[in-house]
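Enquirer: Here it is, the structure in full.
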């Protein structure tokens, strides 16, 4: 883990993007970096989507990545202060845009959509059509 001590979360994600692979040590380093401020913002989530897109089917090789991705994207969407527990119109449109731009159709993306459907009391915006009723 010491090899990531001097890197920011964005730098670790850029390394994963460059390598095209992710491992449990990288995910743990990311978790530690993001837990320092407990804030996951839109730019970080977009970078998570870019990384997931680049991993494609290789995401299946690292279940820690899937759990990390789902947890952090869900935290931004579901635990926000404006509409806690739901995905409002703006969030749904934003998420649909990310899925259109960086969709990977891999286990990680499927796990995210499943988790959001289970935890959100309401899903609005363009992303709503991606969920079964």
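Residue numbers (my numbering): 198 to 330. A virtual CB, placed ideally from N, CA and C, is assigned to each residue, including glycine. Bear in mind the structure is a predicted one, so any value in this text is a computation, not a measurement.
1. Counting C-beta neighbours from all protein chains within 10 Å, is the total for residue 317 16 or more, i.e. buried, or is it exposed?
2. For residue 321, is the beta carbon positioned less than 7 Å from some heavy atom of the ligand MG?
3. Report the three-state DSSP secondary structure of residue 218 (helix, strand or coil).
4. Shortest alpha-carbon distance to residue 204 belongs to which of 254, 231 and 221?
5. Report all residues from its chain with a CB closer than 7 Å to the CB of residue 213; omit the five preceding and five following residues, and keep chain order.
6. Using only CA atoms, which one of 225, 296 and 289 lies nearest to residue 243?
7. If you check the beta carbons only, do residue 273 and residue 237 fall under 8 Å apart?
8. Taking C-alpha atoms, which residue in 202, 217 and 289 lies nearest to residue 233?
Expert: If we stick to the structure as given:
1. Numbered from 1 along the chain shown, position 120 holds the residue referred to as residue 317. Residue 317 is buried by the Cβ-count criterion.
2. Inclusion of the ligand MG in the displayed structure is not the case, the ligand content being empty and no account of it being possible.
3. Residue 218 sits at position 21 when you count from the first residue of the chain shown. Correct three-state label for residue 218: coil.
4. Numbered from 1 along the chain shown, position 7 holds the residue referred to as residue 204. Nearest option by C-alpha distance: 231.
5. As a working mapping, residue 213 is identified with position 16 in the chain shown. Result list for residue 213: 219, 223 and 248, in chain order.
6. On the chain shown, position 46 is the one that residue 243 refers to. Among 225, 296 and 289, the Cα nearest to that of residue 243 belongs to 296.
7. Here residue 273 corresponds to residue number 76 of the chain shown, with the count starting at 1. Here residue 237 corresponds to residue number 40 of the chain shown, with the count starting at 1. Contact: yes.
8. Looking up residue 233 in the chain shown gives position 36. For residue 233, the nearest C-alpha among the options comes from 202.
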